[in-house]
Amino acid sequence: MNIYNLTREELEEYFISHDSKKFHANQLFSWLYEKRISSIFEVTDIKKEMLEQLSLDFSFSKLDLVQVERDIDVCKYLFELSDGEHIEAVLMKHDYGNSVCISSQVGCNMGCKFCESGRRKKVRNLETWEMVTQLLMIEEDLKARVSHVVVMGIGEPFDNYDNLLRFFQIINHPKGLAIGARHITVSTCGIVPKILEFSHFPLQINLAISLHAPNDKLRNQIMPINRAYPLKELLPALEEYLKRTNRRITFEYIMLAGINDTDECAKELVKLVGHLNCYINLIPYNETNNLEFKRSSTVQIMRFYDILKKNRLNVTIRREFGSKISAACGQLRSKKEEI
71 MNIYNLTREE LEEYFISHDS KKFHANQLFS WLYEKRISSI FEVTDIKKEM
121 LEQLSLDFSF SKLDLVQVER DIDVCKYLFE LSDGEHIEAV LMKHDYGNSV
171 CISSQVGCNM GCKFCESGRR KKVRNLETWE MVTQLLMIEE DLKARVSHVV
221 VMGIGEPFDN YDNLLRFFQI INHPKGLAIG ARHITVSTCG IVPKILEFSH
271 FPLQINLAIS LHAPNDKLRN QIMPINRAYP LKELLPALEE YLKRTNRRIT
321 FEYIMLAGIN DTDECAKELV KLVGHLNCYI NLIPYNETNN LEFKRSSTVQ
371 IMRFYDILKK NRLNVTIRRE FGSKISAACG QLRSKKEEI
C-alpha cells in the first residue's frame, strides 16, 4: 500500500498495532506533508526499527510528471501512473490564491456528450494517494502552496466515493495539506444516492452540480446520467442536501451554441433552480477537435447571464484560462494516448 493512502487516524491505528505510540502519526504526517520527505529514512524522531517496518509495509512513490503546458496564470499537468495510464490536473492562479482542479478517475463512464473525458471510457478509479500526490507534485513545481482544490477533472468523483472522502480528510487535516474545507469543491453530474450520503459528511466541502440543461429532454440528450437520475429526483435530493447542510450549491452550466444557450433555456433555468440557495457558474465551452459542439458566442452568453441576473439569481461567468493549451478536460490525455 502507498503511504499517501492513509488518513492520520489510520496511521494512528497502524502505530498502535505495532506496539508504538499513536502520536507518531502526527509526526509522520508532518514529515510527509510539511517537510515533504522523499525517503522514510529522512525521519529523525521515530525509531529506526519502526522506520524499517514502515519501509517494508508501505510504498512512498508518487506519480510521474510527463508533460506541463503553460499559459498566462494556468498550467496543465499530465501525469503517468504506475500502470502506464495518464491523468491530468490544472493549476489556475487567482488573486485569492492558487487553485488546482484534479482528476479522480482514469477516464469516465458518465458519457456526457460534450466532454472529452467521457468520450474515453473509465479504465479505473484513482486510489487516494494518486489524488493526493497530484497536489504534492504541483506544489513542488509551483514552489508555492495550493490554497483551493476542485475535484472536477477527469472522472465522476462520486463514482469513486470512498477514495474521495479519504482524500478530503488527508488534504484538510492540519498536519496534512491544511486546506480549509470551504476551499475544497467537489463536482458531480448528479448521482442522487451519493449526494444524499454526502450530506452527512462532517467536513464542509462545497458541492457543485454539473447541470448543463434546464429540462429532462435536453439533459437526456447530452447527459446520459439524467436517464438514471432525472431532474425530478435530482432536485429533491439537492433540497434535502440544503436542509441538512445549509451550504449553498453551485450549478455548473456549460454554454453550448444553439443547444442550451437560448433565451428560453435561461428562463427555464430560472424556474428550475430559482428557489434554491445556489449560484450558477456559466462556463464558456472549451472546444475539442474530437467533438462537434461549439461554444456560445460572447453576445449570447451575456444575454443568458442578463436573464438570470434580472430574475435575481446569483450568477457568474467563469474566467477563461488556457487559450493556448489543451484546455478541455481530458484533452491532453487524449493527445498523449491517441498519437
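So the number in the working numbering is just where the residue sits in the sequence shown, counting from 1, plus 70. Yeah, the Cβ is synthetic: ideal placement off N, Cα and C, and Gly gets one too. Just so you know, these numbers come straight off a predicted model, no measurement behind them.
Segment limits, beta strand (DSSP E) that includes residue i
i: residue 354; result: 348-354
i: residue 283; result: It is not in any beta strand (DSSP E) - residue 283 carries neither H nor E in the DSSP assignment.
i: residue 324; result: 319-325
i: residue 387; result: 384-387
i: residue 157; result: 156-164
i: residue 135; result: 134-141
i: residue 216; result: Taken as a continuous stretch (DSSP letters only), residue 216 belongs to no beta strand (DSSP E), as it is neither H nor E.
First and last residue of the uninterrupted alpha helix (DSSP H) at residue i
i: residue 291; result: 286-292
i: residue 412; result: One cannot answer for residue 412 here, as it falls past the ends of the chain, which runs 71 to 409.
i: residue 196; result: It is not in any alpha helix (DSSP H) - residue 196 carries neither H nor E in the DSSP assignment.
i: residue 236; result: 231-242
i: residue 375; result: 368-380
i: residue 310; result: 301-315
i: residue 262; result: 262-268
i: residue 79; result: 78-87
Residue i (DSSP reduced to helix, strand or coil)
i: residue 115; result: coil
i: residue 337; result: helix
i: residue 256; result: strand
i: residue 248; result: coil
i: residue 172; result: strand
i: residue 103; result: helix
i: residue 189; result: helix
i: residue 207; result: helix
i: residue 150; result: strand
i: residue 72; result: strand
i: residue 90; result: coil
i: residue 96; result: helix
i: residue 129; result: strand
Residue i burial status per 10 Å Cβ neighbour count (16 or more: buried)
i: residue 204; result: buried
i: residue 371; result: buried
i: residue 280; result: buried
i: residue 114; result: exposed
i: residue 99; result: buried
i: residue 369; result: exposed
i: residue 263; result: exposed
i: residue 233; result: buried
i: residue 311; result: buried
i: residue 316; result: exposed
i: residue 71; result: exposed
i: residue 298; result: exposed
i: residue 139; result: buried
i: residue 94; result: buried
i: residue 321; result: buried
i: residue 192; result: buried
i: residue 126; result: exposed
i: residue 119; result: exposed
i: residue 164; result: exposed
i: residue 86; result: exposed
Any non-hydrogen atom of the ligand NAD within 7 Å of residue i CB
i: residue 184; result: As for the ligand NAD, it is missing from this structure, which has no ligand bound.
Same chain, Cβ closer than 6 Å to residue i, neighbours up to 5 away in sequence not counted
i: residue 295; result: 180, 259 and 260
i: residue 194; result: 176
i: residue 386; result: 351
i: residue 277; result: 319
i: residue 160; result: 146 and 171
Same chain only: Cβ atoms within 7 Å of residue i, ignoring 5 sequence neighbours per side
i: residue 103; result: 245, 246 and 247
i: residue 330; result: 282, 283 and 288
i: residue 383; result: 340, 344 and 350
i: residue 77; result: 236, 239 and 240
i: residue 390; result: 354
i: residue 324; result: 184, 282, 353 and 355
i: residue 47; result: Because the chain here runs from 71 to 409, residue 47 falls outside it and cannot be looked at.
i: residue 271; result: 235
i: residue 230; result: 174, 175, 195 and 196
i: residue 111; result: 121
i: residue 128; result: 71, 72 and 73
Same chain, Cβ closer than 8 Å to residue i, neighbours up to 5 away in sequence not counted
i: residue 224; result: 157, 158, 173, 174, 175, 176, 177, 178, 187, 399, 400 and 403
i: residue 333; result: 373, 374 and 377
Presumed contact (8 Å Cβ cut-off) between residue i and residue j, rounded CB distance
i: residue 336; j: residue 374; result: 5 Å
i: residue 286; j: residue 273; result: At roughly 32 Å, the Cβ-Cβ gap does not stay under 8 Å, so residue 286 and residue 273 are not in contact.
i: residue 74; j: residue 199; result: 4 Å
i: residue 189; j: residue 360; result: 6 Å
i: residue 92; j: residue 80; result: Actually they are not in contact, since the Cβ atoms of residue 92 and residue 80 sit about 11 Å apart, beyond 8 Å.
i: residue 219; j: residue 249; result: 6 Å
i: residue 130; j: residue 109; result: 7 Å
i: residue 117; j: residue 206; result: Contact doesn't hold; Cβ gap of about 26 Å is too wide.
i: residue 209; j: residue 216; result: 6 Å
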